[in-house]
Structure formats: C-alpha cells, structure tokens
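What follows is a short report on a single structure.
Residue numbers (this note's numbering): 2 to 204.
Dropping the structure here:
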C-alpha cells in the first residue's frame with residue numbers, strides 16, 4: 002500500500018454518517034433488514050433491468066447479514082463506502098449509494114453506484130444523496146475523480162448524473178453483466194476541480 006493509503010486508514014473512523022436536515026447516508030446495519038427487505042421486494046420489477054441477476058437467496062436475512070459484514074470489511078480496509086440513504090425524520094429507507102473501487106496512489110479515484118426504491122424514484126432523493134456524497138468523496142476521502150457508469154437507455158440515471166455535474170466521457174462495450182446479459186455502459190466522471198453549476202445551491 003502507498004503512504005496515502007496508510008494515512009487514510011490511520012484516521013478512518015469506525016463508521017460514517019453523512020447528513021443534512023432531510024437526509025442521512027450511513028453504513029448498513031443488521032437492524033435495517035426489515036426495511037431493506039420490504040423496499041427491495043416491492044421494487045424488484047423496477048430494479049432488475051438495471052442490476053446484476055438476483056441470487057436465489059438474495060432476500061434472505063442470512064444473506065443480508067453477510068452483506069453487512071462485507072460492507073464493514075470493505076469500509077474498514079478503505080476499499081469502499083457502501084451507504085444506505087434514509088429520509089429524516091424516522092430514518093425511512095429510500096435506497097443506497099456505494100462509493101466503490103477506491104483507488105489510491107497515482108489514481109485517487111472511485112466508482113459510484115446507486116439504487117432507489119420504486120416508490121421513491123423521481124422525487125429528487127438521489128440527487129440530494131449525491132449532493133451529500135460528492136463533498137465527502139472530495140474532502141474527507143481526498144479523492145480527485147469520481148466515475149459512474151450507466152446503461153445507455155437508462156435515461157433517468159443519465160439525467161441525474163448530468164444534473165450533478167458529471168461529464169460524459171466514453172462508451173464501455175459489454176462492461177457489466179446486468180440482468181443476465183452483458184450490457185454496454187456510458188462512462189461519466191466528475192473531478193474535484195470541476196466547476197459545478199449546482200455546487201453552491203442550497204440543498
């Protein structure tokens with residue numbers, strides 16, 4: 002590991018919470034299972050076209066507990082920051098946002114991915130989540146570049162990324178196996194020194 006990785010891990014807190022008056026991003030907990038199960042189950046038809054094929058045990062409590070353990074390990078090692086998005090008050094689960102594939106050294110970049118429950122989609126919640134996550138990535142994680150990829154016909158995700166200031170960079174052929182098929186993706190990026198038109202807008 003490079004010196005920057007040691008420096009990051011040495012000050013890594015045991016958990017992370019990013020919040021404003023309306024939203025909370027935090028690491029998943031065992032106690033989130035019931036909310037997660039209900040939201041993912043209700044949203045299955047909405048989410049499946051944009052995600053890897055769901056495993057047969059996808060929705061079991063044991064699989065969820067294993068996911069929480071892996072999330073904690075990835076966060077502790079500095080590889081990823083997997084977050085759930087909640088609406089306040091009451092911590093109503095809306096979806097998730099993962100800061101993954103964190104690369105240090107000369108790269109100083111990451112890849113973000115996200116999902117939203119069907120009944121909460123199209124209401125600005127994920128844009129609010131990005132408004133919280135982006136400063137955390139650039140200031141706390143001290144990364145220089147954020148990447149995001151989405152399927153070309155996912156117009157909702159494209160609009161979200163462009164609204165958040167991401168620039169379209171390229172076309173990735175058969176980039177990820179989504180819902181059982183290798184799918185092309187569009188590549189977007191945001192740099193720490195990009196001039197964002199919405200950066201100073203109130204949340």
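Where is the CB? At the ideal position from N, CA and C, for every residue including glycine.
**Beta-carbon contacts of residue 184 that lie in its chain and below 8 Å, excluding the five residues immediately before and after** = 152, 175, 176, 177, 178
**Request:** Put residue 120 into one of helix, strand or coil per three-state DSSP.
**Result:** helix
**Asked** Three-state secondary structure (DSSP) at residue 70?
**Response** helix
**Prompt:** Hey, residue 68 and residue 31: beta-carbon distance below 7 Å or not?
**Reply:** no
**Prompt:** Hey, how far is the Cα of residue 84 from the Cα of residue 100?
**Reply:** 8 Å
**Message:** Taking a contact to mean a Cβ-Cβ separation below 7 Å, would you say residue 128 touches residue 193 in this structure?
**Reply:** no
**Request:** With DSSP as the reference, label residue 112 as helix, strand or coil.
**Result:** strand
**Request:** Would you check if the segment 40 to 54 and the segment 118 to 127 touch, i.e. whether three or more CB-CB distances between them fall below 8 Å?
**Result:** yes
**Request:** For the segment 14 to 68, list the alpha helix (DSSP H) runs that are entirely contained and at least 4 residues long, ordered along the chain.
**Result:** 34 to 43, 45 to 48
**Request:** Going by CA-CA distance only, name the one from 62, 19, 141 that's closest to residue 35.
**Result:** 62
**Message:** Please identify the residue among 180, 93, 188 whose C-alpha is closest to the C-alpha of residue 173.
**Reply:** 188
**Prompt:** Under a three-way DSSP split, which group does residue 88 fall into?
**Reply:** strand
**Asked** Which whole-angstrom value is the C-beta distance of residue 126 and residue 88, which I expect to be below 8 Å?
**Response** 7 Å
**Message:** I need the boundaries of the alpha helix (DSSP H) containing residue 207, first residue and last residue.
**Reply:** The question about residue 207 has no answer, for the chain in this structure spans 2 to 204.
**Asked** Taking the alpha helix (DSSP H) that residue 162 falls in, what are its first and last residues?
**Response** 156 to 164
**Item:** Bridge partners - residue 172, DSSP secondary structure assignment
**Value:** 187
**Prompt:** In the DSSP assignment, what are the bridge partners of residue 135?
**Reply:** Paired residue(s): none; residue 135 is not in a bridge.
**Prompt:** Buried or exposed: where does residue 11 fall if 16 or more other Cβ atoms within 10 Å of its Cβ makes it buried?
**Reply:** At residue 11, the pLDDT of 46 sits below 50, so the modelled position is not reliable and the matter cannot be decided from this model.
**Request:** Label residue 158 either buried or exposed according to how many other C-beta atoms from any shown protein chain fall within 10 Å of its C-beta, with 16 as the threshold for buried.
**Result:** buried
**Request:** Alpha carbon to alpha carbon, how far is residue 76 from residue 82? Give it in angstroms, no decimals.
**Result:** 5 Å
**Request:** Drop a sphere of 10 angstroms on the beta-carbon of residue 2, count the other beta-carbons inside from all chains shown, and report buried for 16 or more, exposed for fewer.
**Result:** With a pLDDT of 43 at residue 2, under the threshold of 50, the modelled position of this residue cannot be trusted, and the question is left open.
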